[in-house]
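Engineer: Note that full-length UniProt numbering has the sequence shown beginning at 1, numbered continuously upward.
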Amino acid sequence: MIQTLVATLMWALVASLLIFRRKRTDRSITRAAFTIAIAMTLNVDGIYTAVDPLLGGTNIATLIADALLMVGLFFLGRGVMKTGEYRPRLVRAAVSTPVLLVALLAITAAFLFIDRGPTTTQFMNDFGAQPATTAYSIITFVYGGIVIAAMLTLAARRYRHSAGVQRLPAALLTLGSAFGVALCLAVIVMDIAHVTGRLGFLHAVQPAYGPLSLLTFLFLCAGFAAQPAVRRAQHYLRDKRTAALAAQLESLWNRATQVRPGLSQADPLAASTEDPEGHLHRVIVEIRDAMIDPRITFDISAEDRDLLQRA
């Protein structure tokens with residue numbers, strides 16, 4: 001059930017990113033979401049039991065899903081790092097290509113030493129007592145924990161340096177990353193408990209896995225979806241306020257261009273095709289030109305002067 005919810009969240013994130021970020025030149029976040037969505041889909045029991053037999057029925061699908069998850073986290077970390085100027089050396093190292101390649105080679109080598117049975121949807125429960133399986137899982141989640149911790153550092157800093165509604169995506173990403181680090185630590189603890197035979201401790205920690213997994217993906221998906229949504233909302237509100245200011249200045253602008261014709265009269269076609277901010281800028285410039293031109297007399301009231309200053 002948890003796997004299905006997580007996969008659904010990831011595909012919803014992919015859809016939202018394709019809609020809201022389609023004009024962005026950097027596609028790291030979209031690639032990351034798509035890759036992780038495939039990985040999470042492979043972990044859905046019904047899909048896993050259908051795909052793994054096609055690959056030989058020896059749980060190769062587990063290795064593919066975990067490798068895709070690591071690649072997706074790599075793209076995710078790179079995407080978060082590119083959105084800001086703060087890029088400490090440890091963060092750059094954590095999301096570097098060499099670290100990813102070493103981690104992928106390490107889990108592949110460990111996977112080959114696992115005595116794997118036929119297809120099972122309980123891979124760690126069935127084979128977690130083997131040292132090779134423990135090494136495989138720990139490497140996977142140590143890498144994931146390092147990348148998510150790097151994301152946590154960047155998201156927390158962005159939250160501190162943001163204001164207003166811009167803090168919302170950063171807050172969601174910070175929470176998601178914090179839950180993600182806790183999830184990785186919980187899995188590593190369970191792996192060690194399993195291989196050392198401390199099953200009581202394993203069963204005590206195990207109930208935390210589902211909620212932590214769901215909370216991690218829920219807040220991360222919400223954070224990444226909120227970023228373009230907030231930008232679009234702010235852009236819409238800015239355009240609306242810009243148009244309102246231009247409308248309030250229109251009568252003053254008409255008076256100004258009557259006594260001192262500007263570029264709007266010389267080239268009305270160019271003026272009509274400008275964006276709202278470009279139009280407002282032209283209005284302000286032409287009013288101010290009329291105010292400072294010594295050849296004409298153009299006085300405005302204190303109220304109009306305040307409106308011009310706000311614009």
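For each residue, glycine too, the CB sits at the ideal point set by N, CA and C.
1) Helix, strand or coil for Thr273, going by three-state DSSP, please let me know.
2) Can you tell me which of Gly176, His279, Ile188 and Ala171 puts its alpha carbon nearest to the alpha carbon of Phe219?
3) Helix or strand or just coil, what does DSSP make of Ala163?
4) The alpha helix (DSSP H) that contains Phe34, what's its start and end?
5) Near Ala7, which residues of its chain fall below 6 Å by C-beta distance, leaving aside the five closest residues on each side in sequence?
6) Taking its Cβ as the centre, do 16 or more other Cβ atoms sit within 10 Å of Phe224, making it buried, or is it exposed?
7) When the distance is taken between beta carbons, is Leu185 closer than 8 Å to Gly145?
8) To the nearest angstrom, how far is it from the Cα of Ile38 to the Cα of Ala65?
9) Return the chain-ordered list of same chain residues with a C-beta closer than 6 Å to the C-beta of Pro118, the five sequence neighbours on each side being excluded.
10) Which residues mark the beginning and the end of the alpha helix (DSSP H) in which Phe74 is found?
11) Do Ile36 and Leu69 have their CB atoms nearer than 8 Å?
12) Where does Asp126 fall in DSSP's three states?
13) Cα separation between Asp52 and Thr134?
14) If you follow the alpha helix (DSSP H) that Leu54 is in, where does it begin and where does it stop?
15) Around the C-beta of Glu286, are 16 or more other C-beta atoms found within 10 angstroms, so that it is buried, or is it exposed?
16) Ordered along the chain, which non-local residues of its own chain (more than five positions away) have a Cβ less than 8 Å from that of Leu168?
17) Return the residue from the list Arg282, Leu199 and Leu17 that minimises the CA-CA distance to Asn125.
18) Between which two residues does the alpha helix (DSSP H) carrying Asp299 extend?
19) In the DSSP assignment, find the unbroken alpha helix (DSSP H) run with Ala7 in it and report its ends.
20) What are the start and end residues of the alpha helix (DSSP H) that includes Arg89?
21) Assign Ile114 to one of three DSSP states: helix, strand, or coil.
22) At the level of alpha carbons, what is the spacing between Gln234 and Arg160?
23) Just confirm the distance between the C-beta atoms of Leu308 and Leu249, as a whole number of angstroms; I'd bet it's less than 8 Å.
Structural biologist: Taking the structure as given:
1) Within the sequence shown, numbered from 1, the residue matching residue 273 stands at position 273. Unreliable placement is indicated for Thr273, whose pLDDT of 49 sits below 50; no coordinate value is reported for it.
2) Numbered from 1 along the sequence shown, position 219 holds the residue referred to as residue 219. Proximity to Phe219 across Gly176, His279, Ile188 and Ala171 peaks at Gly176, based on C-alpha coordinates.
3) On the sequence shown, position 163 is the one that residue 163 refers to. DSSP, reduced to helix, strand and coil, places Ala163 outside both helices and strands of the structure shown, so it counts as coil.
4) For this step, residue 34 is matched to residue 34 along the sequence shown. Residues Ser28 to Leu42.
5) As a working mapping, residue 7 is identified with position 7 in the sequence shown. Within the same chain, Ala7 has close Cβ partners Met40, Thr41 and Val44.
6) Here residue 224 refers to the residue found at position 224 when the sequence shown is read from its first residue. Looking at its Cβ environment, which holds 16 or more other Cβ atoms inside 10 Å, Phe224 is buried.
7) As a working note, residue 145 is residue 145 in the sequence shown. As a working note, residue 185 is residue 185 in the sequence shown. Result yes, Cβ atoms of Gly145 and Leu185 sit closer than 8 Å.
8) Here residue 38 is taken as the residue at index 38 of the sequence shown, counted from 1. Here residue 65 is taken as the residue at index 65 of the sequence shown, counted from 1. The alpha-carbon atoms of Ile38 and Ala65 are separated by roughly 8 Å.
9) The residue given as residue 118 occupies position 118 in the sequence shown. Gly57, listed in sequence order.
10) Locating residue 74 in the sequence shown gives position 74, where the first residue counts as 1. Its alpha helix (DSSP H) spans residues Ile60 to Lys82.
11) Working through the sequence shown from its first residue, we reach residue 36 at position 36. Working through the sequence shown from its first residue, we reach residue 69 at position 69. Yes, they are a contact pair.
12) Position 126 of the sequence shown, counting from 1, holds the residue named residue 126. Asp126 falls in the helix class under three-state DSSP.
13) On the sequence shown, residue 52 is found 52 positions in, with the first residue counted as 1. On the sequence shown, residue 134 is found 134 positions in, with the first residue counted as 1. A straight line joining the alpha-carbon of Asp52 with that of Thr134 spans about 21 Å.
14) By 1-based counting over the sequence shown, the position of residue 54 is 54. Here Leu54 belongs to no alpha helix (DSSP H), and DSSP marks it neither H nor E.
15) For the purposes of this step, residue 286 is identified with residue 286 of the sequence shown, where counting begins at 1. With 16 or more other Cβ atoms from the protein chains shown falling within 10 Å of its own Cβ, Glu286 counts as buried.
16) Here residue 168 refers to the residue found at position 168 when the sequence shown is read from its first residue. Correct list, in chain order: Ala226 and Val230.
17) The count along the sequence shown starts at 1 and reaches residue 125 at position 125. With distances taken between Cα atoms, Asn125 lies closest to Leu199.
18) By one-based count along the sequence shown, residue 299 stands at place 299. Unbroken run through Asp299: none, as it is neither H nor E.
19) Working through the sequence shown from its first residue, we reach residue 7 at position 7. Residues Ile2 to Phe20.
20) If you number the sequence shown from 1, residue 89 lands on position 89. Looking at the DSSP string, the run of the alpha helix (DSSP H) that includes Arg89 is Arg89 to Ala94.
21) The residue you call residue 114 lines up with position 114 of the sequence shown. Three-state result, Ile114: coil.
22) Position 234 of the sequence shown, counted from the start, is the residue given in the question as residue 234. Position 160 of the sequence shown, counted from the start, is the residue given in the question as residue 160. Using only the alpha carbons, I get a separation of about 20 Å.
23) Counting from 1 along the sequence shown, the entry for residue 308 is found at position 308. Counting from 1 along the sequence shown, the entry for residue 249 is found at position 249. Leu308 to Leu249, Cβ: 7 Å. Contact.
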